[in-house]
Structure formats: structure tokens, C-alpha cells
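Residue numbers (this note's numbering): 19 to 234.
The C-beta atom is built at its ideal place from N, Cα and C for all residues, glycine as well.
Predicted, not measured: the structure shown is a model, and the values here were computed from it.
The next block holds one structure in the form of C-alpha cells; read it before the comments.
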Ligand code: SAH
């Protein structure tokens with residue numbers, strides 16, 4: 019095993035031991051999606067530290083433990099259609115692509131053209147067949163591929179929009195950091211029937227802000 023492979027194993031062992039990563043299929047998806055393919059040139063040596071890292075234009079690749087928490091809450095399943103709002107590096111989209119398998123689909127939308135271009139290059143390295151990248155404002159979701167089984171916001175949002183909830187299937191769930199520019203609560207919203215949702219909160223986090231029509 020090379021140096022990066024050893025560091026990747028150490029990070030995943032840490033995420034499991036610390037309780038961030040629990041489900042077997044998620045542990046496998048993390049193993050199969052090496053983070054060093056998704057960081058900027060020069061940052062490979064930090065790819066397996068549990069920290070967010072800079073991308074282009076103020077975007078960041080999220081901290082691994084935060085991605086683990088969010089995906090444990092999202093519960094992406096084989097065959098699910100997932101919308102990710104905020105592609106960033108493309109790392110989380112590729113982890114999701116493993117979770118939903120080829121019978122599922124990941125639609126990921128990124129508002130910043132340069133970031134989207136960077137992500138596309140990264141995603142292509144893993145050659146997933148089920149990831150669609152869209153350049154645009156995802157603050158109101160993305161209508162053309164709706165409905166989704168799962169929706170994940172990877173940027174801080176003032177609220178989970180009615181538009182996004184409208185694009186969610188019955189029994190679907192949304193995971194999003196909701197709050198102010200400074201601090202957010204990780205919210206999970208489940209659509210239990212048409213027009214009825216239940217909500218839970220799972221700790222505080224700091225994300226970069228959602229931009230666009232319904233962003234900050
Ligand atoms: N999960 C990503 C990290 C995303 S960081 C990863 O694995 O790397 C959040 C991203 O959301 C940034 O790239 C930012 O440009 C993007 N973003 C912010 N507002 C957005 C919007 N309205 N629509 C789509 N993307 C948005």
C-alpha cells in the first residue's frame with residue numbers, strides 16, 4: 019500500500035472508531051472514493067486529515083467527519099435518486115454514487131462555473147455512470163430530475179425551501195445545515211406523507227454560505 023493508501027485507511031479507521039461512520043455500505047463507499055483525487059494540486063498530502071480544504075473561488079471540500087455525519091443521516095440507498103446542492107470538489111457526489119449504485123442516480127448542482135469545471139475533472143477520474151453534474155443555482159433545488167428520494171445541501175442555508183421539499187418523494191429525506199451565516203444546525207426533514215414532514219436536529223456546524231435566489 020502506498021503512503022496515500024495508508025493515510026486513507028487511517029482516516030477511515032478514525033472515522034469508524036470515533037463513531038462518525040457506522041454503516042458498512044458507507045464505510046465501503048468512503049474506501050472506494052479516495053479523497054486525494056478531489057483536492058487541489060499541492061494539497062494531496064493533507065487529503066486524509068480530518069479538515070476542510072480550499073478549492074477554487076472560496077469553495078471548500080468538506081471535512082471528512084462532517085461528510086460522514088451527513089451521509090449517515092441521509093441514508094442513501096441502492097436505487098435512490100439523490101440531489102446534492104453544492105458539488106464543490108465532487109467527492110461527496112462520488113461517495114453518494116457508490117451508495118445508490120448503478121440502479122440509482124446522483125444529480126449534483128454547482129453555482130460556480132470554475133468550481134463545477136474542477137469537480138467534473140475530479141469526478142471523471144472515477145468514471146461513475148450515475149452522476150449528472152449541473153451548473154446553476156440549486157437554492158430552489160433542481161426541477162428537471164425531480165422527484166428525489168434524498169436531497170442534501172452542502173452549503174449553509176437560511177431554510178429548506180418549499181421548492182426543494184416539493185421535489186422530494188413521499189418517504190424521502192433532506193439533510194441540510196440550516197441557520198445563520200455563522201452557525202448552522204444539521205437538520206433532517208422526512209416527508210412522511212404528501213404535505214406532512216417531521217424534523218430532527220443533529221448538532222451545530224459551520225458551512226460556507228449558500229448563494230443564489232434563496233441563499234444568503
Ligand atoms: N460536498 C462538497 C463540498 C461543497 S462546498 C465536496 O465534497 O467537496 C459547498 C459548495 O456549494 C460550494 O462549491 C459552493 O460554490 C456551492 N454553492 C453555493 N451556493 C450554491 C447554490 N445556490 N447552488 C449550487 N451550489 C452552490
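The criterion of a C-beta distance shorter than 9 Å is satisfied by residue 140 and residue 107. By the Cβ-count criterion, residue 53 is buried, with 16 or more other Cβ atoms from all chains shown falling within 10 Å of its own Cβ. Burial check for residue 98: the Cβ neighbour count within 10 Å reaches 16 or more, so the residue is buried.
Secondary structure of residue 38 (DSSP, three-state): coil.
For residue 123, the uninterrupted beta strand (DSSP E) run begins and ends at 123-128, by DSSP. Rounded to the nearest whole angstrom, the CA to CA distance from residue 234 to residue 102 is 18 Å. Checking the 8 Å criterion, the Cβ of residue 229 is within range of a heavy atom belonging to the ligand SAH. Judged by DSSP in its simplified three-state form, residue 211 adopts strand.
If you keep only unbroken beta strand (DSSP E) runs of at least 3 residues inside the segment 162-205, you get 166-171 and 186-197.
Counted as a single uninterrupted DSSP element, the beta strand (DSSP E) harbouring residue 151 occupies residues 149-153. With contacts defined as CB atoms closer than 9 Å, residue 158 and residue 230 qualify as a contacting pair.
Going by DSSP, residue 96 is part of no beta strand (DSSP E) at all; its letter is neither H nor E.
Residue 121 and residue 164 have their C-alpha atoms some 16 Å from each other.
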